[in-house]
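Participant: Counting along the sequence shown from 1, when you hit position 70 you're at 59 in our numbering, and nothing is skipped either side.
Backbone N, C-alpha and C define an ideal beta-carbon position, used for all residues, glycine too.
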Amino acid sequence: MLPYLIVLALNYYALPFLITNTGMAMFILLGVIPLISMVCAFICGVRQGFHWLFVLCGTVLFIPSIWIFYNSSAFFYVVVYGIILLIGNTLGMFLHKKR
């Protein structure tokens, strides 16, 4: 799971440096980060099956970035990204079982 968590950490902590204005912030928070998270969780699910620990660690990994890059209104995204990781990992698990 470590390579996938590293990708998520880069996703959560490197992409905010690209934010230059509000429009770019919304694009990254609502488009890029969820997409990369979903793909990463899906690939993890396909290769390793479903892991609650991956979903939990991937969700908790986002929390410190709220205080570093955003404000308290971004706590909503913790739940959203957690659900996205859960869905991606679950979908990947179904393909893992068919292999």
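Taking 8 Å as the threshold, find out whether the region 38 to 48 comes into contact with the region 14 to 23 through three or more Cβ pairs.
Facilitator: The region 38 to 48 vs the region 14 to 23: no contact.
Participant: Straight-line CA distance for N0 to M82?
Facilitator: Near 22 Å, if we compare the C-alpha coordinates of M82 and N0.
Participant: Can you round the beta-carbon distance between G77 and T48 to whole angstroms, since I take them to be within the 8 Å contact cut?
Facilitator: At roughly 12 Å, the Cβ-Cβ gap does not stay under 8 Å, so G77 and T48 are not in contact.
Participant: Return the Cβ separation of L7 and L50 in integer angstroms, given the expectation that the two are a contact with Cβ distance under 8 Å.
Facilitator: Not quite, the Cβ-Cβ distance comes to about 19 Å (not below 8 Å), so this is no contact.
Participant: In angstroms, rounded to a whole number, what distance separates the CA positions of A30 and L80?
Facilitator: Roughly 9 Å separates the two Cα atoms.
Participant: On a Cα-Cα basis, can you pick out the residue from M27, M13, A3 and L45 that is closest to I73?
Facilitator: Comparing Cα-Cα distances from I73 to each of M27, M13, A3 and L45, the minimum goes to M27.
Participant: Compute the beta-carbon to beta-carbon distance between Y(-7) and F43, rounded to the nearest angstrom, for a pair I have assumed lies under 8 Å.
Facilitator: The Cβ separation is near 7 Å, so the contact holds.
Participant: Closest by CA to S62, which one among M(-10), M15, C46 and T9?
Facilitator: Considering only alpha carbons, the answer is M15.
Participant: Straight-line CA distance for N10 to N60?
Facilitator: Distance between the alpha carbons of N10 and N60: 15 Å.
Participant: Please name the residue in L45, F58 and I32 whose C-alpha comes closest to that of V69.
Facilitator: Selected option, being the one with the closest Cα: L45.
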